[in-house]
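Engineer:
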Amino acid sequence: MSTSDEELTWREIEVGAIFTVPGTTADYQTGDWRSQAPSYNFDRCIKCGICQLYCPEGCVGQDEDGYFIADLYWCKGCGICARECPTGVITMVEETE
Amino acid sequence: MQNYTVFVPRLVPKKEPFAPGHRACIGCGEALAVRLACKAFPPNTIVANATGCMEVISSQYPMTAWRVPWIHVLFENTAAIASGIEAALKAMARKGLRPDDGTKVVAMGGDGGTSDIGLQALSGALERGHDLLYICFDNEAYMNTGIQRSSATPFGASTTTSPSGIKSIGQKTWKKNMAAIAAAHDIPYVATASHSYPHDLMAKVAKGIAVPGPAYIHILSVCPTGWRSAPDLSIRLGRLAVETGVFPLYEIEDGEYKMSLELPKLRPVEDYLNLQGRFRHLSEDTIKEIQERVVAEYERIKEKTG
Numbered sequence: 001m002s003t004s005d006e007e008l009t010w011r012e013i014e015v016g017a018i019f020t021v022p023g024t025t026a027d028y029q030t031g032d033w034r035s036q037a038p039s040y041n042f043d044r045c046i047k048c049g050i051c052q053l054y055c056p057e058g059c060v061g062q063d064e065d066g067y068f069i070a071d072l073y074w075c076k077g078c079g080i081c082a083r084e085c086p087t088g089v090i091t092m093v094e095e096t097e
Numbered sequence: 001m002q003n004y005t006v007f008v009p010r011l012v013p014k015k016e017p018f019a020p021g022h023r024a025c026i027g028c029g030e031a032l033a034v035r036l037a038c039k040a041f042p043p044n045t046i047v048a049n050a051t052g053c054m055e056v057i058s059s060q061y062p063m064t065a066w067r068v069p070w071i072h073v074l075f076e077n078t079a080a081i082a083s084g085i086e087a088a089l090k091a092m093a094r095k096g097l098r099p100d101d102g103t104k105v106v107a108m109g110g111d112g113g114t115s116d117i118g119l120q121a122l123s124g125a126l127e128r129g130h131d132l133l134y135i136c137f138d139n140e141a142y143m144n145t146g147i148q149r150s151s152a153t154p155f156g157a158s159t160t161t162s163p164s165g166i167k168s169i170g171q172k173t174w175k176k177n178m179a180a181i182a183a184a185h186d187i188p189y190v191a192t193a194s195h196s197y198p199h200d201l202m203a204k205v206a207k208g209i210a211v212p213g214p215a216y217i218h219i220l221s222v223c224p225t226g227w228r229s230a231p232d233l234s235i236r237l238g239r240l241a242v243e244t245g246v247f248p249l250y251e252i253e254d255g256e257y258k259m260s261l262e263l264p265k266l267r268p269v270e271d272y273l274n275l276q277g278r279f280r281h282l283s284e285d286t287i288k289e290i291q292e293r294v295v296a297e298y299e300r301i302k303e304k305t306g
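So the sequence lines, in the order shown, correspond to chains A and B. Read in order, the letters of the first sequence correspond to residues 1 to 97 in my numbering. Read in order, the letters of the second sequence correspond to residues 1 to 306 in my numbering.
Written out as structure tokens, the structure is:
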């Protein structure tokens, strides 16, 4: 089944309108809802992963050095990670064009 | 409660059965609670999800945020469908149509789908003793349809159907105690949890699934849209709800009460109420009334823990 809602017609809909592929919202960019983005100062990061645990999106992953960083494709900019970070690594900055 | 704040990534399962890209509001506590609860599921789990925020944000056709078998059901029959799935799995194993691989069933609902509309089906499922876990994600009103009051809305909260004004203080009734209603069915496991205490939440979900027979978990989930709070305060509000005694965390195992978090002293409820726009109209007297009630309720639960 196609995952793009623009291209989907009734011919492609499964019987019973079931989903055949799990987790397809991962293709959907919620990042463009954002008005603020997290910015990182990794000098103070202790790699505790609290931001990963508390992210409602589940968009925080580890980079190759083990630092936790939000994937801006999905990050909606709620600022929970910045608020909960115990060492103050994260600050929220206004998005600019 | 165990304190797991040292090195989190090793202690939390990496799997994300609740995919990113769902359409939850910015700072949604309920999406976080679902995400954490899903992490605690064993490999074979079927989810029956009532209508409500979690259904609307996760399954906008043709997309789905779920990586577990998931069925959307009506408000009123979540627990009935979940019992049906459990009974069907048992019958198919008995008839040899399907191996008995220990597949677990989880039913999810919001506070409206649990304490108002789905209460009758839930009571039936708990009474019949099906081996399922029912999780209530309580954001204290019908947020999905535009913040209408439910029976889980706390006293004094302003919603669109209990607005505050000159002649009204908002919601006039106290929050329905769903955990006590579930416990009154004499089921093996009842618990309350909060997404601000993630390890406690995951441990409780895992325990609720593991116990034979029905289990009920009530999770307070902060809703920045309906509670009129800042999105980045979601975790703090969940924590304050517990620390002020508004939403105490406890477990009831076979009738035995156990506090999950021992608080030496309760914080004043103002700390919790002042951060939310839905309580900003409250007068000193009303806050005092809420404070007295919260302390009395907390003491009552503490007494039961013995």
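Cβ coordinates follow ideal geometry from the N, Cα and C atoms, glycine included.
Mark Asp138(B) as exposed unless 16 or more other C-beta atoms lie within 10 angstroms of its C-beta, in which case mark it buried.
Structural biologist: buried
Engineer: So with Cβ pairs under 8 Å, would you call Ala40(B) a contact of chain A?
Structural biologist: no
Engineer: Is Ile69(A) close to chain B? Criterion is C-beta to C-beta, closer than 8 Å.
Structural biologist: So no, Ile69(A) is outside the interface.
Engineer: Specify the secondary structure class of Lys76(A) as computed by DSSP and reduced to three states.
Structural biologist: Looking at Lys76(A) - three-state DSSP - the assignment turns out to be coil, as it is neither helix nor strand.
Engineer: Consider the Cβ of Gly16(A): report whether some Cβ of chain B lies at a distance smaller than 8 Å.
Structural biologist: no
Engineer: 8 Å is my cut-off, CB to CB: does Trp66(B) come that close to chain A?
Structural biologist: Chain A has a Cβ within less than 8 Å of the Cβ of Trp66(B).
Engineer: Is it buried or exposed for Arg83(A), if we count other Cβ within 10 angstroms and need 16 for buried?
Structural biologist: buried
Engineer: Reducing DSSP to helix, strand and coil, say where Tyr134(B) ends up.
Structural biologist: strand
Engineer: Tell me the rounded alpha-carbon separation between Ala296(B) and Ser158(B).
Structural biologist: 23 Å
Engineer: Could you say which of Leu261(B), Ile85(B), Pro99(B) and Val246(B) lies nearest to Leu201(B) if we only look at CA atoms?
Structural biologist: Ranking Leu261(B), Ile85(B), Pro99(B) and Val246(B) by Cα distance to Leu201(B) puts Leu261(B) first.
Engineer: Is it buried or exposed, Gln29(A), if we count other Cβ atoms within 10 angstroms and call 16 or more buried?
Structural biologist: With fewer than 16 other Cβ atoms inside 10 Å of its own Cβ, Gln29(A) counts as exposed.
Engineer: Check each residue of the region 186–204 of chain B: if its Cβ is closer than 7 Å to any Cβ of chain A, include it; give the result in chain order.
Structural biologist: Pro198
Engineer: Just tell me which of Trp66(B), Pro154(B) and Ala80(B) has its CA closest to the CA of Trp174(B).
Structural biologist: Pro154(B)
Engineer: For Ser196(B), which three-state DSSP category applies?
Structural biologist: Judged by DSSP in its simplified three-state form, Ser196(B) adopts coil rather than helix or strand.
Engineer: By how many angstroms is the C-alpha of Gly79(A) removed from the C-alpha of Gly238(B)?
Structural biologist: 15 Å
Engineer: For a contact meaning CB atoms closer than 8 Å, what does His243(B) contact in chain A?
Structural biologist: Residue identity differs from the one stated: residue 243(B) is Glu in this sequence, not His. Within chain A, no residue comes near Glu243(B); the closest Cβ sits about 15 Å away, beyond 8 Å.
Engineer: Are there 16 or more other CB atoms within 10 angstroms of the CB of Val269(B), so buried, or fewer, so exposed?
Structural biologist: buried
Engineer: Per DSSP, what kind of secondary structure is Phe19(A) in: helix, strand or coil?
Structural biologist: coil
Engineer: From what residue to what residue does the beta strand (DSSP E) around Val106(B) run?
Structural biologist: Lys104 to Gly110
Engineer: Could you tell me the distance, in whole angstroms, from the CA atom of Met1(A) to the CA atom of Tyr134(B)?
Structural biologist: Model confidence at Met1(A) stands at a pLDDT of 45, short of 50, so the residue's coordinates are unreliable and nothing is read from them.
Engineer: Looking at chain B, is there any beta carbon in it that lies within less than 8 Å of the beta carbon of Asp27(A)?
Structural biologist: True, the Cβ-Cβ gap to chain B drops below 8 Å.
Engineer: Kindly say whether Cys85(A), judged by its beta-carbon, lies nearer than 8 Å to any beta-carbon of chain B.
Structural biologist: no
Engineer: So with Cβ pairs under 8 Å, would you call Glu94(A) a contact of chain B?
Structural biologist: Chain B, which has no Cβ nearer than 8 Å to the Cβ of Glu94(A), makes this no.
Engineer: Going along chain A, which residues have a C-beta under 8 Å from Leu233(B)?
Structural biologist: Arg83
Engineer: From Ile187(B) to Asp254(B), what distance separates their C-alpha atoms?
Structural biologist: 7 Å
Engineer: Can you tell me the Cα-Cα spacing of Leu122(B) and Thr78(B), whole angstroms?
Structural biologist: Computed Cα separation, rounded: 8 Å.
Engineer: Quick check on the DSSP output: what are the complete beta strand (DSSP E) runs of length 3 or more inside the region 20–52 of chain B, in order along the chain?
Structural biologist: 45–50
Engineer: Nearest CA to the CA of Gln171(B): which residue from His281(B), Cys28(B) and Pro43(B)?
Structural biologist: His281(B)
Engineer: Have a look at Arg67(B), Cys25(B) and Met54(B) and flag the residue whose alpha-carbon is nearest the alpha-carbon of Gly23(A).
Structural biologist: Arg67(B)
Engineer: Cα-Cα, which of Ala24(B), Ile81(B) and Gly21(B) is closest to Ala48(B)?
Structural biologist: Ile81(B)
Engineer: What is the DSSP secondary structure of Glu292(B), reduced to helix, strand or coil?
Structural biologist: Glu292(B): helix per DSSP, three-state reduction.
Engineer: Alpha carbon to alpha carbon, how far is Glu303(B) from Ala184(B)?
Structural biologist: Computed Cα separation, rounded: 17 Å.
Engineer: Is the region 25–41 of chain A touching the region 66–81 of chain A in the sense that three or more CB pairs, one from each, lie closer than 8 Å?
Structural biologist: yes
Engineer: Do you know whose CA, among Gly84(B), His218(B) and Val12(B), lies nearest Met178(B)'s CA?
Structural biologist: His218(B)
Engineer: Need the endpoints of the beta strand (DSSP E) that Glu256(B) sits in, please.
Structural biologist: Glu256 to Met259
Engineer: Can you check the region 208–296 of chain B for any beta strand (DSSP E) of at least 3 residues that lies completely inside it and give the ranges in chain order?
Structural biologist: 215–220, 250–253 and 256–259
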